[in-house]
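**Q** Residue numbers (the working numbering), protein chains in the order written: chain A, 10 to 336; chain B, 10 to 336.
For glycine and all other residues, C-beta sits at the position ideal for the given N, C-alpha and C.
It should be emphasised that the depicted structure is a prediction, and the values quoted were computed from it without experimental measurement.
2 protein chains.
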Amino acid sequence: MVGIKDVAERAGVSIATVSNVVNHPHLVAEATRTRVRSAIEELGYVRDESARQLRAGRSRIIALLVLDLGNPFFVDIVRGAEEAAHDHGLNVISCNSGQRVELETSYLSLLAEQRVRGVLLSPVGTPGGSLAAFRRTGTPYVLVDRKVPEKDASSVSVDDVAGGALAMRHLVDTGHERVAFVNGPDILAQCRDRRAGVRTVSGAEVTVLEVDHLDVASGRDAGARLLGISPRPTAVFCANDLLALGVLQAMVGAGVRVPSEMAIVGYDDNEFAAAAAVPLTSVRQPARRIGRTAAELLIAETSDDGPRERRAVVFTPELVVRRSSQV
Amino acid sequence: MVGIKDVAERAGVSIATVSNVVNHPHLVAEATRTRVRSAIEELGYVRDESARQLRAGRSRIIALLVLDLGNPFFVDIVRGAEEAAHDHGLNVISCNSGQRVELETSYLSLLAEQRVRGVLLSPVGTPGGSLAAFRRTGTPYVLVDRKVPEKDASSVSVDDVAGGALAMRHLVDTGHERVAFVNGPDILAQCRDRRAGVRTVSGAEVTVLEVDHLDVASGRDAGARLLGISPRPTAVFCANDLLALGVLQAMVGAGVRVPSEMAIVGYDDNEFAAAAAVPLTSVRQPARRIGRTAAELLIAETSDDGPRERRAVVFTPELVVRRSSQV
DNA sequence: ACGGCCTCATGAAACGTTTAATGTACGGGT
DNA sequence: ACCCGTACATTAAACGTTTCATGAGGCCGT
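1. Assuming D250/B and D278/B form a contact by the criterion Cβ under 8 angstroms, report the distance between their Cβ atoms to the nearest whole angstrom.
2. Have a look at D169/B and Q294/B and give me their C-alpha separation to the nearest angstrom.
3. Taking the beta carbon of N105/A as the centre, do at least 16 other beta carbons fall within 10 Å, making it buried, or is it exposed?
4. With C-beta atoms as the reference, is L129/B less than 8 angstroms away from V110/B?
5. State buried or exposed for M10/B, treating a residue as buried only when at least 16 other CB atoms are found within 10 Å of its CB.
6. Using beta-carbon positions only, say whether A226/A and V191/A come within less than 8 angstroms of one another.
7. Anyone know if the C-beta pair for R320/B and S163/B falls short of 8 angstroms?
8. May I have the straight-line CA-CA distance separating G237/A from G300/A, to the nearest angstrom?
9. Using a 10 Å radius around the Cβ and a threshold of 16 neighbouring Cβ atoms, would you call P149/A buried or exposed?
10. So that I know if they touch, is there some Cβ in chain B lying closer than 8 angstroms to that of T146/A?
11. Give every residue of the same chain whose Cβ lies closer than 6 angstroms to the Cβ of E18/A, excluding the five residues on either side of it in the sequence, and list them in chain order.
12. With a cut-off of 8 angstroms, does the C-beta of L247/A fall near any C-beta of chain B?
13. With a cut-off of 8 angstroms on the beta carbons, I'd call H8/B and S334/B a contact; round off their distance for me.
14. Buried or exposed: which applies to T43/B, given that a residue is buried once 16 or more other Cβ atoms fall within 10 Å of its Cβ?
15. I want to see whether chain A comes within less than 8 angstroms of C200/B, judged by CB atoms only; does it?
16. Who are the neighbours of R124/B on chain A, taking C-beta pairs under 8 angstroms?
17. Who are the near neighbours of V167/A in its chain, counting only those whose CB is closer than 6 angstroms to its CB and skipping five residues on each side?
18. If you follow the beta strand (DSSP E) that A283/A is part of, which residue opens it and which one closes it?
19. Taking all protein chains shown into account, do 16 or more other C-beta atoms lie within 10 angstroms of the C-beta of A25/B, making it buried, or fewer, making it exposed?
20. Buried or exposed for R64/B, going by 16 or more other Cβ atoms inside 10 Å?
21. So, is the C-beta of E280/A closer than 8 angstroms to a C-beta in chain B?
22. Taking C-beta pairs closer than 8 angstroms, name the residues in chain B that A284/A reaches, listed in chain order.
23. Any beta carbon from chain B within less than 8 angstroms of S103/A's own beta carbon?
24. Check whether chain B comes within 8 angstroms of A141/A, counting only Cβ atoms and requiring the distance to be less than that.
25. By how many angstroms is the C-alpha of A93/A removed from the C-alpha of E270/A?
26. Once the 5 residues before and after V181/A are set aside, which same chain residues still bring their CB inside 7 angstroms of it?
27. When you compare the CB positions of R145/B and A198/B, do they come within less than 8 angstroms of one another, or not?
28. Distance check for T216/B and R204/B, CA to CA, integer angstroms please.
29. Compare the C-alpha of A175/B against each of E39/B, V16/B and V329/B and name the closest.
30. Just the C-alpha distance for V165/A and G21/B, rounded to the nearest angstrom, thanks.
31. Can you give me the C-alpha to C-alpha distance between V16/B and V322/A, rounded to a whole angstrom?
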C-alpha cells in the first residue's frame, strides 16, 4: 500500500512537503509541486482518510439512518439531504435500518465509532441508549420525521396528528360511516400519531387493522383481511401509500370497485400514488424539504462559529384528492 | 473526547489491558474485566474506528454505489447485499450517484480514501479512471448490473440483450407492427444492451424515444411525445418500470386505452408494476439475488484464504405478462 | 528448593497523516 | 558587512488504537 512516505521518497522531498502539496499547495514552490504531483500520479497514491481523520478528529461525512429505503418517501428525504450536504462540501452515506431495532442499534454504534460529522435519523422506537453515546462523543444528530423536545435534539417532522385527521375528515365528509384504518406497528411514532389524528374525528365507526411492515405486501394482506370484515367498511385509510397500493391491488383482485365500493386514502403522496390503478388520494409530505432542512440544521449545529440553538421544525401535511376517494 | 487512556486511568490499568477487554476479553482476568467494563460504561467510551482502522489497515465496511436509489430495483439490490454482508459480520453503506458521473467519481474517491473493505457498484459510464485507484490500493470491487471481462473484475448482471429481445418478441408475437421504444441515455450499458436486444427482433417498425432519466416524470414526457407520433405506434416498450408507469399515466390522462389502443411493457418487474393502473407486463430481474451474489463475490475476494478467481455471473431475465399487453 | 509453565498485566512501537516549530538560503536595505 | 525578512523545506510530535515482546507473580512437579 503506497503511502505519503513513498511519494516523498520518489519526489525527493520530505513527507511534510507532500502533505502540503495535497492540502496547501500555495505553500510549495511551483517546481516542487509539479514534481510531487507527478510522483503521486505515478505511484497512484490515495491518501488514507482514517489517518487524516485520526489527526483531524472529525470526518467529512454525514450519515443518514433511515427507516426503510424501500419507501420512496425516505428516498426523497435522502435526496434532499444530499443536496444540502453537497452544498457544504460534505458527503452523505445512507444506512437502512429496515425498521429493525437491532440493525438500527448496530448502525448507530458503527457511525459513532466512525466519528461521522453528524447523523440524521428516523428512529424505530425510542433510541435512548444508542443516542446517549452520540451525546457523549458530541456527535450531533437531528431527528427526521419524528418530533422530540428541543432540549434533546433538533428535529424535522410533519404534523402526523393533523395528517391523520385530514384524511379521516375527508372520508367522513364524503359520507363514509364505516372506515377501516390500516396502520403500522405502534412502535413507530408516525403510526401512533396518525392514529391519534384519526381518533380526533368523529362521525364514523373506525376499524383498525395493524400490520407489521409498511409495504405493498402487507397492504395486500390487510386488503384481504378487510374484505372479511362484516359489515364491510366503505372506505379505508392507509398509513402510507405502499399499504394503500397493496390494498388497492387486493380490491382489484377481488373485483371490489374503487372508489364506488371502497374508497382509499394513502399517505406520503409518493410518485406511485398518482400512477396507481386508481389514482390515490393521499396526504402529501414535503419529503425533499424535510431532508434538506434536517441536513441544514445538522450542518449548522456542527459549524465552527458557535453551536446554534436547537430547533424543532414541523411541516404541515396537505391532502391531495384523486379518484380513489371521489364520490 | 474520552479515549482509551481515560478508561485505563479510571480503571487503574494500562491501555493495553483496556484494549484487550474490548477485543480479547478472554485474555483478561474476570475482576479486571468487570472493573474496566464499568469504567467504559461510566465514561461512555466509544472506540475510535479511524485509529483502529489505521492500525488494522482495513475496515469492516463494504460500500454500495448505486445508479439510482429512487428505483426500487436498486433498493432491492441493496437489500440483497445487506443480507449477505450481515451474514459475514460486515456493514453496508449505500451511496447514490443519481446517474451523475461527477458524483460517482466523487464517491469513488471518498470510498477509496476511506479504505472500505470493498465496493459494489453500478457505474454510469466507463469508470476507468476512478477504478484504477481501487485497483492500486487493492480495494476489491464487483460490478453490479453490468458485465465486464473477468480479467478486469467480477461482475453480476442480467442478460439485457435477451431481456430487450424478450419484450420485443412478445409485442411482435401479439401482433404489433409499430412499436415505440422508450429508452434511457446511451451512456448506460443497460440501455445500450436492451436496445441491441430490441434490434435483434424483426417484424415491427421501431421508433426510439430517448429520455435522460429513468424515472416516472421522464416517462410522462415520453408518453406525451409518443402521442404526437403519426401514425401512432400501437405498443410501447420502456427500458424500466418507472418509465412505463409514467407512460401509462400519460395514456390514461389522454384517454388512450391500455392495452387496446396502446400496449405497454416495462422492465424490472418492481413491486409497483403489478399495482399499476393497468397491471404492467414487465421483464423480471432477480434484484435481490443480484445484490446478494455480488456481495458474496466481493466478500470471497477479500477473504484471507487466498484470493478467489474472478467470475462474471449472468442471470437470465424472465417475461411476466400482465394486462397491459394482453390482446 | 528450584526450574519451568501458566496467567495476567504492561511498555513501547507502529499505523499514515497534519501541523507547529524550526531551519536554511538568499536578496535587499542599511 | 551585517541584519532582517521572505520563501521554502524539514523535523518531530501528536492523533487513538492494537499487538508483540516482555515482565511479574504464583503454582506444580520433580
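**A** Let me spell this out:
1. Here residue 250/B corresponds to residue number 241 of the second sequence, with the count starting at 1. Here residue 278/B corresponds to residue number 269 of the second sequence, with the count starting at 1. Confirmed, about 7 angstroms.
2. Start at 1 with the first residue of the second sequence, and residue 169/B comes out as number 160. Start at 1 with the first residue of the second sequence, and residue 294/B comes out as number 285. Looking at the two C-alpha atoms, the distance is approximately 10 angstroms.
3. The residue you call residue 105/A lines up with position 96 of the first sequence. Result: buried.
4. To locate residue 129/B, count along the second sequence from 1; it is residue 120. To locate residue 110/B, count along the second sequence from 1; it is residue 101. No, these two residues do not count as a Cβ contact at 8 angstroms.
5. For this step, residue 10/B is matched to residue 1 along the second sequence. Exposed is the call here.
6. Within the first sequence, the letter at position 217 stands for residue 226/A. Within the first sequence, the letter at position 182 stands for residue 191/A. The answer is no: Cβ separation not under 8 angstroms.
7. The residue given as residue 320/B occupies position 311 in the second sequence. The residue given as residue 163/B occupies position 154 in the second sequence. In this structure, S163/B lies closer than 8 angstroms to R320/B by Cβ.
8. In the first sequence, the residue the question calls residue 237/A occupies position 228. In the first sequence, the residue the question calls residue 300/A occupies position 291. Their Cα atoms are separated by approximately 39 angstroms.
9. Position 140 of the first sequence holds residue 149/A. Buried: at least 16 other Cβ atoms inside 10 Å.
10. For this step, residue 146/A is matched to residue 137 along the first sequence. Closer than 8 angstroms: yes.
11. Looking up residue 18/A in the first sequence gives position 9. Hits under 6 angstroms: none found.
12. Sequence index remark: in the first sequence, residue 247/A carries index 238 (1-based). Leu is not the amino acid found at residue 247/A; the sequence shown has Cys there. Output row for C247/A: interface = no.
13. Outside the modelled stretch of chain B, which goes from 10 to 336, sits residue 8/B, for which no answer is possible.
14. As a position in the second sequence, residue 43/B is number 34, starting the count at 1. Exposed: under 16 other Cβ atoms inside 10 Å.
15. Here residue 200/B refers to the residue found at position 191 when the second sequence is read from its first residue. Output row for C200/B: interface = no.
16. By 1-based counting over the second sequence, the position of residue 124/B is 115. Per Cβ cutoff of 8 angstroms: D57, E58 and S59.
17. As a working mapping, residue 167/A is identified with position 158 in the first sequence. Q294, F324 and P326, listed in sequence order.
18. Residue numbering aside, residue 283/A sits at position 274 when the first sequence is read from its first letter. Unbroken run through A283/A: none, as it is neither H nor E.
19. Numbered from its first residue, the second sequence carries residue 25/B at position 16. A25/B is exposed by the Cβ-count criterion.
20. Locating residue 64/B in the second sequence gives position 55, counting from the first residue. Per the 10 Å Cβ criterion, exposed.
21. Within the first sequence, residue 280/A is the residue found at index 271, counting from 1. Yes, its Cβ sits closer than 8 angstroms to a Cβ of chain B.
22. In the first sequence, residue 284/A corresponds to position 275, counting from 1. Result: V225, L254, G255, L257, Q258, F281, A285 and A286.
23. Taking the first residue of the first sequence as 1, we reach residue 103/A at position 94. True, the Cβ-Cβ gap to chain B drops below 8 angstroms.
24. Within the first sequence, residue 141/A is the residue found at index 132, counting from 1. It does; some Cβ of chain B falls within 8 angstroms.
25. Here residue 270/A is taken as the residue at index 261 of the first sequence, counted from 1. Here residue 93/A is taken as the residue at index 84 of the first sequence, counted from 1. Answer to the nearest angstrom: the Cα atoms are 45 angstroms apart.
26. Here residue 181/A corresponds to residue number 172 of the first sequence, with the count starting at 1. Excluding positions up to five away in sequence, the list reads V210, G212 and A213.
27. Translated into positions along the second sequence, residue 145/B becomes position 136. Translated into positions along the second sequence, residue 198/B becomes position 189. Going by C-beta atoms, R145/B is not nearer than 8 angstroms to A198/B.
28. Counting from 1 along the second sequence, the entry for residue 204/B is found at position 195. Counting from 1 along the second sequence, the entry for residue 216/B is found at position 207. C-alpha separation (whole angstroms): 11 angstroms.
29. Residue 175/B sits at position 166 when you count from the first residue of the second sequence. According to the sequence as given, residue 175/B is Leu; it is not Ala. If we check each option's Cα against that of L175/B, V329/B comes out closest.
30. Residue numbering aside, residue 165/A sits at position 156 when the first sequence is read from its first letter. Residue numbering aside, residue 21/B sits at position 12 when the second sequence is read from its first letter. The straight-line gap from Cα to Cα measures roughly 44 angstroms.
31. Here residue 16/B corresponds to residue number 7 of the second sequence, with the count starting at 1. Here residue 322/A corresponds to residue number 313 of the first sequence, with the count starting at 1. Rounded to the nearest angstrom, the two C-alpha atoms are 38 angstroms apart.
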